[in-house]
Amino acid sequence: MPPSLSFLGEELGENKEFMKSALSFIEDTLMTAETVRVLPGFLAQPVEQYLAGRLSSQQVIFDALLPVAKQRLLENQLEKMGQTSPKHHDCIQWIVETSPKKNP
Numbered sequence: 185m186p187p188s189l190s191f192l193g194e195e196l197g198e199n200k201e202f203m204k205s206a207l208s209f210i211e212d213t214l215m216t217a218e219t220v221r222v223l224p225g226f227l228a229q230p231v232e233q234y235l236a237g238r239l240s241s242q243q244v245i246f247d248a249l250l251p252v253a254k255q256r257l258l259e260n261q262l263e264k265m266g267q268t269s270p271k272h273h274d275c276i277q278w279i280v281e282t283s284p285k286k287n288p
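Spelled out as structure tokens, the structure:
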């Protein structure tokens, strides 16, 4: 099983746009961090906020993750009511199952 499927499940691990954005997000974050690191302290925060705001990859990631997370929560609720639902063995499911239940 490829690592992307282990971590993200089939819904996202096989989504090429999501995977491209995930890689871009990592690269962009590292570039932003290095840029900010060499700036004087008073410039670091405004420049970081500006650069972070220009990253489109995080919106693609959010837009892809949200429906998957909602579906997983719904499946958990259905399972608690006695209905069958697909079994997922990935990090997203682990987070759904182990996150605080009062204020997830």
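Heads up: the sequence shown begins at 185 in the numbering used here, then just goes up one per residue. Here a beta-carbon is modelled for each residue, glycine too, at the ideal position from N, C-alpha and C.
Around the beta carbon of F202, 16 or more other beta carbons lie within 10 angstroms, which makes this residue buried. Secondary structure of Q233 (DSSP, three-state): helix. Contiguous alpha helix (DSSP H) elements confined to the region 199-276 occur at 200-221, 225-237, 241-264, taking only those with 4 or more residues. Taking one beta carbon from each stretch, the region 241-254 and the region 205-219 have 3 or more pairs nearer than 8 Å; the two touch. The alpha carbon of R238 has as its nearest neighbour, out of L196, G225, S190, S208, the alpha carbon of S208.
By the Cβ rule, the region 259-267 does not count as touching the region 223-231, because fewer than three pairs are nearer than 8 Å. Shortest Cα-Cα distance from Y234 to any of A217, V252, R256 involves A217.
Counting of Cβ neighbours within 10 angstroms places S190 among the exposed residues, the total staying below 16. Here P187 carries a helix assignment [DSSP, helix/strand/coil].
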